[in-house]
Amino acid sequence: MSASFFHVDNLLQIIARLNAPPAGLPALVDLANDLSSALGGAFVAMARWHEDPLELGGRITTSQDRHFEDIYVAHFPDRVPWVEASRRHANEFCHLAADYEAVTIERTSFFEEFMKPQGFAPLAVMGSHHRPCEDGPGFGWVVYGRRDFTPEEVRFCRRLDPHLAQACLNAAERLVLDHRIEHMHELMDYAPVGLIHVDMDGSFAWMNRMASRLLHAGEGLEVRDGRLAARDSDTDQTLRHAMTNLIENRRRVQALPIPRAGRLPLGLVLTRRPKAPTLPRGEPIGTIAIMDPERQFSADSDQASAQTAPLLRQLYGLTDAEARLAVAITAGSTPQQVADRSGRSLETVRTQLKGVFRKLGVSRQTDLVRVLSPTLLNQDGAPAARTGQA
Numbered sequence: 087m088s089a090s091f092f093h094v095d096n097l098l099q100i101i102a103r104l105n106a107p108p109a110g111l112p113a114l115v116d117l118a119n120d121l122s123s124a125l126g127g128a129f130v131a132m133a134r135w136h137e138d139p140l141e142l143g144g145r146i147t148t149s150q151d152r153h154f155e156d157i158y159v160a161h162f163p164d165r166v167p168w169v170e171a172s173r174r175h176a177n178e179f180c181h182l183a184a185d186y187e188a189v190t191i192e193r194t195s196f197f198e199e200f201m202k203p204q205g206f207a208p209l210a211v212m213g214s215h216h217r218p219c220e221d222g223p224g225f226g227w228v229v230y231g232r233r234d235f236t237p238e239e240v241r242f243c244r245r246l247d248p249h250l251a252q253a254c255l256n257a258a259e260r261l262v263l264d265h266r267i268e269h270m271h272e273l274m275d276y277a278p279v280g281l282i283h284v285d286m287d288g289s290f291a292w293m294n295r296m297a298s299r300l301l302h303a304g305e306g307l308e309v310r311d312g313r314l315a316a317r318d319s320d321t322d323q324t325l326r327h328a329m330t331n332l333i334e335n336r337r338r339v340q341a342l343p344i345p346r347a348g349r350l351p352l353g354l355v356l357t358r359r360p361k362a363p364t365l366p367r368g369e370p371i372g373t374i375a376i377m378d379p380e381r382q383f384s385a386d387s388d389q390a391s392a393q394t395a396p397l398l399r400q401l402y403g404l405t406d407a408e409a410r411l412a413v414a415i416t417a418g419s420t421p422q423q424v425a426d427r428s429g430r431s432l433e434t435v436r437t438q439l440k441g442v443f444r445k446l447g448v449s450r451q452t453d454l455v456r457v458l459s460p461t462l463l464n465q466d467g468a469p470a471a472r473t474g475q476a
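Last residue of the sequence shown: 476 (this note's numbering), numbering continuous.
Shown next, in the form of structure tokens:
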């Protein structure tokens with residue numbers, strides 16, 4: 087494997103693989119493991135010089151608090167001969183054998199305490215340190231071998247270095263973007279409308295909780311072959327045409343009604359993501375919003391209460407009983423109705439309601455409804471009903 091791995095044709099294939107979207111972390115992990123095997127089981131370390139380390143796994147280390155080499159370099163740089171040299175020659179590929187003799191390395195405590203116990207040869211170290219810049223965090227990588235590297239292996243890694251550095255920066259940016267998207271999805275789960283992200287094929291890439299609920303109801307819309315479809319055949323043709331416009335970027339925004347038997351139609355809005363033609367396959371290119379004008383929050387819905395009560399506990403410090411009571415009152419129940427359903431006395435319910443008032447800074451049920459209606463709207467899609475006073 088070694089001879090063919092370090093051939094120029096394979097180098098070009100690796101560079102193409104690193105640049106092929108969406109490469110990201112998997113491509114780096116595969117490359118590091120392949121490189122380690124080709125170098126006779128070498129230890130390949132990659133690190134972002136940033137407070138948020140980029141974890142790659144396998145024989146790759148990035149965390150500065152879990153690996154001896156990183157800790158040692160951080161605390162005893164004067165005992166690691168090449169650290170200062172790598173800093174002076176930042177963004178340049180370095181091979182230890184080009185600047186040091188084996189006896190010099192063997193005399194260091196770093197060799198005795200880290201390299202020698204793991205069987206690393208004194209001069210089998212190569213890599214680079216790329217400083218942080220405006221384009222992103224810095225990046226470093228180093229290879230420790232159990233035998234001296236051949237000139238062919240060193241040339242290969244030297245040519246690979248700038249492409250590997252850029253690929254790591256791209257992966258870091260992708261990781262940050264994925265975290266932001268995950269956070270956005272968590273927020274969108276509280277949206278009062280159904281939201282679906284679709285990819286270049288029109289298939290679902292993600293949907294929020296409301297969209298899942300509306301599709302599960304099976305009124306007007308359904309999922310067919312992983313795509314959104316209308317139950318009415320004529321409407322389905324219109325929806326397919328709208329999806330074609332979305333995929334081919336003919337129209338940025340489209341709206342159409344989805345009829346339902348005996349009920350008001352659902353409202354559908356399709357929006358195209360800007361600059362989507364450059365996105366790789368599998369990336370969401372647009373969003374479909376589904377709006378139900380009839381959806382009301384049900385005071386008797388155990389599911390709705392179970393979804394909303396934890397949020398109220400977190401937002402306002404309510405107890406479980408107070409949160410359930412707040413949901414019921416805001417949805418239209420009276421204290422007497424809550425007492426009858428729960429088996430508690432009216433006085434107990436009123437005492438708990440006073441606790442809710444105190445924690446939310448209100449003094450009347452109408453104020454409670456005003457404060458909590460947006461939260462209940464986001465949980466089930468419609469304002470809660472107004473209620474009478476306690």
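Using N, Cα and C, we set each Cβ at its ideal position, and we do this for glycine too.
- Using a C-beta cut-off of 8 Å, the region 89-109 makes no contact with the region 198-210, since fewer than three inter-stretch Cβ pairs fall below that distance.
- For the options Pro343, Gly372, Ala188, the alpha carbon positioned closest to that of histidine 283 is the one of Gly372.
- Here glutamine 340 is buried: its Cβ has 16 or more other Cβ atoms, across all protein chains shown, within 10 Å.
- Proline 112 and alanine 257 have their alpha carbons spaced roughly 9 Å apart.
- Here the region 258-274 makes no contact with the region 340-357; the two share fewer than three CB pairs at distances below 8 Å.
- If you look at leucine 342, you'll find it in the beta strand (DSSP E) that goes 339-346.
- DSSP places threonine 405 in the coil class of the three-state scheme, outside both helix and strand.
- Within the DSSP secondary-structure output, cysteine 180 pairs in a beta bridge with Gly213.
- Counting along the chain, arginine 310 sits inside the beta strand (DSSP E) bounded by residues 307-310.
- In the DSSP assignment, leucine 261 forms no beta bridge with any residue.
- With 16 or more other Cβ atoms inside 10 Å of its own Cβ, histidine 215 counts as buried.
- Taking the Cα positions, glycine 126 is about 11 Å away from phenylalanine 206.
- Close CB contacts of alanine 328 within its chain, under the 7 Å cut and outside five residues either way in sequence, are with Gln340, Leu342, Leu356 (chain order).
- The C-beta of glutamate 408 has 16 or more other C-beta atoms within 10 Å across all chains shown, which makes the residue buried.
- By the neighbour-count criterion, in which a residue is buried when 16 or more other Cβ atoms sit within 10 angstroms of its Cβ, methionine 212 is buried.
- Aspartate 285 counts as buried, since no fewer than 16 other beta carbons sit within 10 angstroms of its beta carbon.
- A direct Cα-to-Cα measurement between phenylalanine 179 and glutamate 334 gives close to 45 Å.
- In this structure, the beta-carbon distance from valine 130 to valine 240 does not fall below 9 Å.
- Within its own chain, the residues whose Cβ lies closer than 7 Å to the Cβ of phenylalanine 242, once the five positions on either side in sequence are excluded, are Phe92, Leu97, listed in chain order.
- Straight-line spacing of the CA atoms in leucine 250 and valine 279 works out to 43 Å.
- In this structure, leucine 300 and valine 309 do not form a Cβ contact; the two beta carbons are roughly 11 Å apart against a cut-off of 8 Å.
- Membership of proline 351 in the beta strand (DSSP E) is indicated by the continuous run 349-358.
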